[in-house]
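Each residue of the sequence shown is one higher than the last, beginning at 19 in my numbering. All C-beta atoms, glycine included, are put in the ideal place defined by N, C-alpha and C. None of these values were measured; they are calculated from a predicted model. Since the structure comes first, as structure tokens, the remarks are kept for the end.
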Amino acid sequence: LDDVEIRALTAFSLAMLKTLSEEDSTGNIFYSGLSVSAALAMLMLGARGSTATQMSECLKPQTDEDDVHAKFAKLLTDLNKADAPYSLSLANRLYGDRSCTFLEHYNAELESVDFKGNAEEARVHINSWVEKQTQDKIKDLLSQDAVDSLTKLVLVNAIYFKGSWNTQFKEEMTADAQFRLNKVTMQKVINKNNVSGQILEMPYKGNDLSMLIFLPNDIEDDTTGLEKVRCTYQYFKEMSSFNQTS
């Protein structure tokens, strides 16, 4: 993806974070903006009219539809490379009720199942695939009665990641403590636009991927303290350009 596509993907991910955090300001949120984007972009293949327009506005693609699909397909292939020092699998699969025709993109395999004749068997089959793709971490994704004889299409998007830190933690130097009260060494410090906080970047082995932890300096209530941060691509790009401190 070029900078334009990265900007669009980041904007979508941050907008999704804002929406999810508004629903529960104190709970944990775990999602993959890339995974959700890939799933929605796949649905754009068969979308028409107002549905296609709304999806396009949501994902904000800057190129024509076919080019978007091709770029996502290449990105997912690069991420799923077998020789990487980490395990990252982002798999998509379409399950249709035999009568539907779909284009194949994003490493997705279209599989015909018999929702109309045996929806329960199809549900168990789909759950088995998800369990395998996520190394047995996600079981029973589709609950009973999640599909029935009227189901025409199910798009399954599964993501699995396992990596080792570039610099391993020493067990003898760790201890349980309250996270908000614990003092940690941060790589980057920000204090701009009346928002003060710290960013910890922890690279995984290979330095292709890393985890970013955002920690506000002041938390006045029972929220995460991140609500005042401007969730925009430009803001996070500015924060990542700060000099590292120890």
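Taking the Cα positions, residue 160 is about 12 Å away from residue 139. Around the beta carbon of residue 52, 16 or more other beta carbons lie within 10 angstroms, which makes this residue buried.
With respect to the 8 Å criterion, residue 23 and residue 99 are not classified as neighbours on the basis of their beta carbons.
The beta-bridge partner set that DSSP reports for residue 174 consists of 111. Just measuring C-alpha positions, the residue of 106, 55, 134 and 38 sitting nearest residue 48 is 38.
For residue 168, there is no enclosing alpha helix (DSSP H), since its DSSP letter is neither H nor E.
Only residues of its own chain outside the window of five on either side were considered, and among them 113 and 140 have a CB closer than 6 Å to the CB of residue 131, listed in chain order.
Taking one beta carbon from each stretch, the segment 182-189 and the segment 160-171 have fewer than 3 pairs nearer than 8 Å; the two do not touch. In the DSSP assignment, residue 73 falls within the alpha helix (DSSP H) that extends over 67-77.
Linking residue 58 to residue 73 through their CA atoms gives a straight-line distance of about 7 Å. Around the beta-carbon of residue 105, fewer than 16 other beta-carbon atoms lie within 10 Å, marking it exposed.
Pairing residue 168 with residue 135, the inter-Cα distance amounts to about 10 Å. Comparing C-alpha distances from residue 142 to each of 158, 128 and 150 shows the shortest one belongs to 158. Looking from the CA of residue 103, the closest CA among 218, 179, 219 and 21 belongs to 179. Boundaries of the alpha helix (DSSP H) harbouring residue 137: 137-151, taken from the DSSP string. The C-beta separation of residue 176 from residue 151 comes to about 4 Å, placing the pair in contact by the 8 Å criterion.
Cβ-Cβ distances below 7 Å link residue 222 to 104, 181, 182, 183, 184 and 228 in the same chain, with the five nearest sequence neighbours on each side left out; the list follows chain order.
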